[in-house]
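Trainee: Chains as they are written, first to last, in my numbering: chain A, 62 to 286; chain B, 543 to 630.
Can you keep this structure in mind? I'll have questions shortly.
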Amino acid sequence: MVNVTEKFKDAKEIINSLDFDAHWYRRVFHTFGASFLFYYILPDIDWINILKLWIPPLIVIFVIILELLRLTGKISSNHFFGLRMYEKKRIGSYVFFAVAILILLRFFPQQIAIPCILCATLGDPIIGEIRRNFSMKYVYLFGFLVCMFFFIITWFKSDVFLMILVSIIGGFGAIIGETKKFWWLDDDFMIQMIPAFLLLIIWFSIPYFGLAYPGEIIYQMPVVW
Amino acid sequence: MNKSDMRYMKKEFYFTKIIRTEILFTPLLIGLPLVVGFLFIYDWYFRGILEGTTAFDGEFVIGIIIIIGNIAFGIPFIKSLKVLSKKK
């Protein structure tokens, strides 16, 4: 008969002998955030709408409580893999990341929220890799182009003038948010919120330009059952 | 913020032995974005291509970007894991 305790002990030893590169772990954690775009494709059904209403804030509340427990010393920082030294006595960037995504999903139209989320989830790790391997001047240039690209692909249904305006302002806002670092406010929050607020100004100005609002990018799935 | 602040905290606690949460999260971190990306492509194909409308092209582009982005960062992440486990 297989000794379950022995097997479990072996498995635990193997798991503990493995190690992750914190740098790549952090990058993958960012790209994982793109999964939240799933929110927009969920069908319009009462019980799903209730889940959509409650699950994102509950995740954020859970994350905030977890972080409070870490900062007050009730949970050791050892359990939080991939944290940087400056996050030891400060709110972790993953909290800022989650709060910004929640604000975007809940309060912004998807035409603004989607490119801003993509900037944080994919643009940020790309910029991080450029920063790691090249000089800062390349960070500004390629970071701007990458973020601009996310705004172009999500505003392709709009007027060309609007698409160019949004992509330049959005890309500019994202790169400012990413490169300006503060101890008390994380770039994971700034890279999403600065372009979002800049685009919100444009959003409210669209009727004054005599242009039409762009269509949605992601459509809710039909009810199949 | 100086360079030492940017170091990862884990290095100080390198030999901490606990059931590693990062290992439990790995399939979710790698798998879920790929599932979401393919779901967008699936939706684009069935509601866009088969119905002959271009309205869903945005879903296709976003799906492709999510998949490429996750593969681009997921592969080095898994490779780094293998290298380190071999070293051990």
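Backbone N, C-alpha and C fix where the C-beta goes; we use that ideal spot for every residue, glycine too.
(1) For MET282(A), would you say it is in contact with chain B, using Cβ-to-Cβ distances shorter than 8 Å as the test?
(2) Would PRO618(B) count as contacting chain A if we go by Cβ distances under 8 Å?
(3) Any beta carbon from chain A within less than 8 Å of GLY594(B)'s own beta carbon?
(4) Do you know offhand how far PHE243(A)'s Cα is from ALA181(A)'s?
(5) Within 8 Å of any Cβ in chain B, is that where the Cβ of GLY204(A) sits?
(6) Quick check: the Cα distance between LEU259(A) and GLY605(B), rounded to an integer number of angstroms?
(7) Alpha carbon to alpha carbon, what distance is there between GLY600(B) and ILE267(A)?
(8) By Cβ distance, which residues of its chain are closer than 6 Å to MET254(A), with the 5 residues on each side in sequence left out?
(9) Using the rule of at least 16 other Cβ atoms within 10 Å of the residue's Cβ for burial, across every protein chain shown, is TYR101(A) buried or exposed?
(10) Touching or not, the region 108 to 116 of chain A and the region 84 to 97 of chain A, by the rule of three or more beta carbon pairs under 8 Å?
(11) Going by Cα to Cα distance, which pick from ALA597(B), PRO569(B), PHE567(B) is closest to TRP216(A)?
(12) Quick one: using the 10 Å Cβ neighbour count with 16 as the cut-off for buried, is SER7(A) buried or exposed?
(13) Figure out for me which residue from ARG151(A), PRO275(A), TRP85(A) has the closest Cα to the Cα of ALA614(B).
(14) Using the Cα positions of PRO256(A) and GLY271(A), report the straight-line distance between them to the nearest angstrom.
(15) Is there contact between the region 198 to 213 of chain A and the region 225 to 238 of chain A, where contact requires at least three CB pairs shorter than 8 Å?
(16) In whole angstroms, what separates the C-alpha of LEU183(A) from that of ASN64(A)?
(17) Answer with yes or no whether the minimum CB distance from ILE662(B) to chain A is below 8 Å.
Mentor: Based on what the coordinates show:
(1) yes
(2) yes
(3) no
(4) 17 Å
(5) Judged by the 8 Å Cβ criterion, GLY204(A) is not in contact with chain B.
(6) 26 Å
(7) About 21 Å.
(8) ALA161
(9) buried
(10) no
(11) ALA597(B)
(12) The shown model of chain A, from 62 to 286, leaves out residue 7(A), and the question about it has no answer.
(13) Nearest Cα to ALA614(B) within the set ARG151(A), PRO275(A), TRP85(A): TRP85(A).
(14) 22 Å
(15) Contact between the region 198 to 213 of chain A and the region 225 to 238 of chain A is present, with at least three C-beta pairs closer than 8 Å.
(16) 45 Å
(17) Because chain B is modelled from 543 through 630, residue 662(B) falls outside the range shown and cannot be assessed.
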